[in-house]
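Working notes, structure below.
4 protein chains.
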Amino acid sequence: MILATPLSDEDCGAQSMPDASPVKWHLAHTSWFFETFILEVYEPDFAPFHPAFRVLFNSYYEGVGDKHPRPQRGMLTRPSLAEIRAYRANVDLRMQALLLSDICDDNCLRLLELGMQHEQQHQELILTDVKHLLSLNPLKPAYLPRALQAMPVQTELEWNTFDAGVVEIGYRNGGFCFDNELPSHRQFVESFAIGSRLISNIEYLMFVEQGGYENPAYWLSAGWDWRSSNQIAHPLYWQRQDDGAWREFTLHGMLPLDPHAAVLHLSYYEADAFARWAGARLPTEAEWEYAVGELGNEGRQFFGTAWQWTSSSYAPYPGYAIPDGAVGEYNGKFMVNQYVLRGSSGATPLGHSRASYRNFFPATACWQYSGIRLARSL
Amino acid sequence: MILATPLSDEDCGAQSMPDASPVKWHLAHTSWFFETFILEVYEPDFAPFHPAFRVLFNSYYEGVGDKHPRPQRGMLTRPSLAEIRAYRANVDLRMQALLLSDICDDNCLRLLELGMQHEQQHQELILTDVKHLLSLNPLKPAYLPRALQAMPVQTELEWNTFDAGVVEIGYRNGGFCFDNELPSHRQFVESFAIGSRLISNIEYLMFVEQGGYENPAYWLSAGWDWRSSNQIAHPLYWQRQDDGAWREFTLHGMLPLDPHAAVLHLSYYEADAFARWAGARLPTEAEWEYAVGELGNEGRQFFGTAWQWTSSSYAPYPGYAIPDGAVGEYNGKFMVNQYVLRGSSGATPLGHSRASYRNFFPATACWQYSGIRLARSL
Amino acid sequence: MILATPLSDEDCGAQSMPDASPVKWHLAHTSWFFETFILEVYEPDFAPFHPAFRVLFNSYYEGVGDKHPRPQRGMLTRPSLAEIRAYRANVDLRMQALLLSDICDDNCLRLLELGMQHEQQHQELILTDVKHLLSLNPLKPAYLPRALQAMPVQTELEWNTFDAGVVEIGYRNGGFCFDNELPSHRQFVESFAIGSRLISNIEYLMFVEQGGYENPAYWLSAGWDWRSSNQIAHPLYWQRQDDGAWREFTLHGMLPLDPHAAVLHLSYYEADAFARWAGARLPTEAEWEYAVGELGNEGRQFFGTAWQWTSSSYAPYPGYAIPDGAVGEYNGKFMVNQYVLRGSSGATPLGHSRASYRNFFPATACWQYSGIRLARSL
Amino acid sequence: MILATPLSDEDCGAQSMPDASPVKWHLAHTSWFFETFILEVYEPDFAPFHPAFRVLFNSYYEGVGDKHPRPQRGMLTRPSLAEIRAYRANVDLRMQALLLSDICDDNCLRLLELGMQHEQQHQELILTDVKHLLSLNPLKPAYLPRALQAMPVQTELEWNTFDAGVVEIGYRNGGFCFDNELPSHRQFVESFAIGSRLISNIEYLMFVEQGGYENPAYWLSAGWDWRSSNQIAHPLYWQRQDDGAWREFTLHGMLPLDPHAAVLHLSYYEADAFARWAGARLPTEAEWEYAVGELGNEGRQFFGTAWQWTSSSYAPYPGYAIPDGAVGEYNGKFMVNQYVLRGSSGATPLGHSRASYRNFFPATACWQYSGIRLARSL
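As they're listed, the protein sequences go chains Z, Y, S and R. Under the working numbering, the first residue of the first sequence carries the number 1, and numbering increases by one thereafter. Under the working numbering, the first residue of the second sequence carries the number 1001, and numbering increases by one thereafter. Under the working numbering, the first residue of the third sequence carries the number 2001, and numbering increases by one thereafter. Under the working numbering, the first residue of the fourth sequence carries the number 3001, and numbering increases by one thereafter.
Written out as structure tokens, the structure reads:
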């Protein structure tokens, strides 16, 4: 809720593209998750807050029944933001009552954990979706005033090398993880090297200025078509000014491009083309996860700066089992035509930064905080 | 502004389809018209309220320069509704000052008149656009509480007949009219008959229930394709309930279909198909205008109930001259692939109900209050 | 059939766009017309040549039943061209037998006349469709060798003027005409002037070179959008060479643009924009028909050079009645969102050149031999 | 060339969808490959057969320059099929002369091998593309008369099991292979079982008849959307007759569905949904390749019946290097958003059936001979 503070009611209601959702919808949907998957099952004398909400705020759970069409979420000017706030307060109260009772069994607690993790994922989406909405506005409004920031000191890019071998992949500590991080299993990685930090704006700018976007030799065929039909010549939020200087749209409005900050908001196609131009490639998710395990805190910028595209298609781990019931639609049914991103961004809630976490988006997605870490085969 | 009273800030910001605009945008655009076409020319030391508004609230005037893309109007969550209100107040004050000065010459007064007529046209659009937006909401909210209404008494449909002859068409009184009503000129009409009232819901329901939407013999070829690819089987805001009864979405929410009220929200294709089914046709705009001139107050439902489709394509009158300057883009450039509607609806501001007034929409438009008056050749 | 002589089997089978049809399909469809509307009714012991042809070669007659989807006509590599030739020969023989018998009554003879007129219309379409197909081929092949042609002598454009008055419009001689030319009726025309000849390539080239395609002031709003989204900057078959000279694709291959020949292959939008640029307008169809009646043979280029766009939307004449049966779908159901062209082109069969003949196409169509005759109100 | 024997010139010229090409184009393109990549480099005094062919018959090689737009290949009625035949004969002769000379070095011989393998790939595409074209024809013509076929005896589906371990993947014999089969490398596979044969029509029919296409629980989310928006309810070439019996379009025309033959022409989405319904999954490509290596000739239907979808996204092997020059565009640039199929079909040239061969198509493709082999984790 705190995330909505700098936003007007109007900001919270608008939907900037079918891939994004209104802030208001995120707020309602995360409470809907608790109401539908926990309260509806465990609350004695359950009665829905509003019967229509079951459909209105269902994202994609076919097992729950009908759902409001995704591209039409911006049309829901009613219920109002105030009503959504009341809905959230009501669900919170009912959840508290449930937890104080002895009704909530182990499965209930697992769903509670999942619901909170789910809400945290949506907190990140609120920031990326608001950024996209505001970027479309010719006034280029800021979401937040600009905090003073020390200029990051750019270090030399180094290569950490690893020998070939069988490695253990997937979550294997106690505590919460998503189903797509399981089961822990073995993979063989051939020897490889991975970059010591993310690619910076100035490095990516060299690619832009040396004609990287005009040379099909660097691009996947589908990436070249995407670039051509969308007339893409630079990262999503970059803008070249009349004087030739580059600026970047941020949650603090338009700012001069910071040369040593990590380049952000790239599609898979752009990340892959840059890597080829640089004589390298993207890491696989196994290489990435293994490197983090080995390097530990030595590794720079694994977490907290940008999601890092891997060359791995989003697929189930060997032995992966979809959970029963509608909650089973959480991850498994999206395992096609998407690519895995590893790490986390500055917008990611803290608890989501772990080596086994798998984020995923289509190759064309660039409204997320997505960047580049290079790798090489040895 | 009074029209926005029952609406939340969120309601005012949403755009339900490219053809419609957010209420907020209508409010800003009508003041933009005064600022751009009058204040910018006549105001001493003119300075714009906000430099970006010239582009943001330009509807389609190429002569004014760039314009914000029409389908993106719903993305303008900034400026806020409060800022738009401040903009309107500011323009109003400056217009008052201008009018109290001796600067405003005859041309200025003509533009003032045009600006006020323009604003009235947008008042009607606000109502039709809000209706469309609310109709998309599964909660089917009401814009206004329902006033008590006496059931209209349905009269027999009669035919008023007219002999062939040369008739005078177009505006020829003093006072304001739009350029497209000029010049007054002569047309020859062969003898014809025109219906004494509009077609009612119950009459249109017969067409629906006797398979009117399933028989291509009643339809123009393009209309049949429109019906098929949009899966249309009844008027836009009608809904058949599980028990078979029909309801209609209105600005008062969902209401039972009133059998004797005029049928509304038809496309040209539907109006034309109904007419063929009924063994009649739509009137030409010359026939309609001539009939109103002859029948005067005897004619029922010419004004204030529904815009009435004519079979006349929207075209310039002989000798029509486009006004100089950007204001010249008001009407003339739309004279292709649209059909003329005559009369006025319950949402039309009073001063717009006159015999020579020409409304116009594409053959597919049905979100306006558009209905049917029949005609026949004799 | 003679029209297909310069074409290979492959040429005859290809469909260059949904609006066009393969030559083979034209050949089959015109015989289908005789088989379906005459033989099926009058032939004793009627048996179809091939049961599937009834569906395959139905163009748009809903009353006849199913039809093969229009954009899929190029997929019909079977039946082969040879089989279509056999079909045509078979229908011709059966038609001859029918005519030698005493079975063919007056209605049958009327259908025979319509069938022959229909086939002549398709002869023109074969030429325009083949031209479009060959124009898409990078080899720019010629349909016919180039005949020697005298350079046409360009005359001064003069204006023929006419007084206002009631004029008689529509076909009123004996002999055949299409239903859309009826009934003959009266219209009032205000005084006007009409150009003594068509607009030439050199005149249209001035419009192009003086930025006519870059200035929205000359264009209808929908025309400007059409131009922009299709990136149109000159007539369909023109091509600017590297040396700046213009060439034009013709049925004789690419030829240098003939400056004094009539400009051809314009959309309604282009014709209308040119007229506005030239300080004139397009004629209405009543003006055009009246002028031809008055000027007779004095009028230059009314027939045989180019179809001439009028500003009249294609609509039924007062009292127009759709013929009974499936043949009634011939004209009436297309009377929306199309504009009337008058005259005839060099590809038009001779008997179709008459003052009352109404050709019609959407405002975007430019693969027909369509040109410009200007008019002015006085 | 022999493949074109049962086809008319018209059949050879038509293009049934952007994904498919006309037979004539395949014939020209495969010779173009030899002329462009070999003759142009090695032939003394090289002169192209026709200068325009370099562009016309370039499939997707950006390094070669412009190319004719893929969806427009069916418009190329010129050059004629006879001219293409002459082109092929000419290239064949020049290639023979080159090979008899001492000019052709090792690299030249490698390109020759690649050119022949490339032509064999297109032989298979000719069959699948012709099948698709003929299937669109309502006459459902046969490409070949039906050979007598013994009814295949259906065996019980058994599971071959394998222990976890590091396996060697990729081509490692002498002789030709494609670049995407290299380098040979190690992968770890967890223990798994793989089906002893392909899924049959009768087994797939159970999925259809038990509502497999109506239950979202079996489908990937993107697959469910694909099914819904294309209204897919059975495999591409199946057709349910009025009497409820199923028929299948084949190169021999419509035939009764053979219950014990392998189900064919499935998309990845359908294969994946069937596997989930059956309580199994698709194999990874490493599992598939390892199983073939172990089972050798014991394995049933690995080759010659159907390409078998794997769950592996098409990606480069570790250490994969794109060959230099335009030939480098052969495989690598397509490694995104496609899935690997292993094995071979009845239309595959003999030499292409090997354990390491990687075919690949988007998840929506179903006009290839693609079927299902199941797997399970243990």
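Just so it is clear, CB atoms sit at the ideal spot from N, CA and C, and this is done for glycine as well. Keep in mind the model is a prediction, meaning the values are calculated, not measured.
Reference residue i; option with closest CA among the options
i	options	result
residue 3096 of chain R	R:3034, R:3300, R:3074, R:3073	R:3034
residue 166 of chain Z	Z:286, Z:27, Z:207	Z:286
residue 2312 of chain S	S:2303, S:2362, S:2325, S:2304	S:2362
residue 3250 of chain R	R:3141, R:3331, R:3054	R:3141
residue 52 of chain Z	Y:1139, Y:1134, Y:1102	Y:1139
residue 2197 of chain S	S:2276, S:2300, S:2366	S:2300
residue 3339 of chain R	R:3365, R:3324, R:3352, R:3345	R:3365
residue 3372 of chain R	R:3263, R:3242, R:3288	R:3263
residue 3181 of chain R	R:3377, R:3273, R:3331	R:3331
residue 2131 of chain S	S:2374, S:2378, S:2368, S:2375	S:2368
residue 3076 of chain R	S:2015, S:2114, S:2112	S:2015
Reduced DSSP secondary structure (H/G/I, E/B, other) of residue i
i	result
residue 1320 of chain Y	coil
residue 2217 of chain S	helix
residue 87 of chain Z	helix
residue 1291 of chain Y	helix
residue 2195 of chain S	strand
residue 2240 of chain S	strand
residue 1208 of chain Y	helix
residue 2041 of chain S	helix
residue 3228 of chain R	helix
Sheet register partners of residue i (DSSP bridge)
i	result
residue 1254 of chain Y	Y:1249
residue 305 of chain Z	Z:345
residue 3173 of chain R	None; residue 3173 of chain R has no bridge partner.
residue 1281 of chain Y	Y:1375
residue 2200 of chain S	S:2262
residue 2101 of chain S	Residue 2101 of chain S pairs with nothing; no bridge assigned.
residue 2336 of chain S	Looking at the DSSP assignment, residue 2336 of chain S forms no beta bridge with any residue, so it has no partner.
residue 370 of chain Z	Z:307
residue 356 of chain Z	The partner list for residue 356 of chain Z (beta bridge, DSSP) is empty, contrary to what the question assumes.
Range of the contiguous alpha helix (DSSP H) that encloses residue i
i	result
residue 32 of chain Z	23 to 34
residue 135 of chain Z	106 to 136
residue 10 of chain Z	9 to 13
residue 3056 of chain R	3053 to 3056
Host beta strand (DSSP E) of residue i (start-end)
i	result
residue 359 of chain Z	359 to 361
residue 2167 of chain S	2165 to 2169
residue 2160 of chain S	2159 to 2162
residue 189 of chain Z	185 to 189
Any C-beta of chain S under 8 Å from that of residue i
i	result
residue 3344 of chain R	no
residue 3127 of chain R	no
Any chain Y beta carbon closer than 8 Å to residue i
i	result
residue 10 of chain Z	yes
residue 2185 of chain S	yes
Below-8 Å beta-carbon distance, residue i vs any chain R residue
i	result
residue 2251 of chain S	no
Cβ-heavy atom distance, residue i to the ligand ZN, below 7 Å
i	result
residue 1002 of chain Y	The ligand ZN is absent from the structure shown, which contains no ligand whatsoever.
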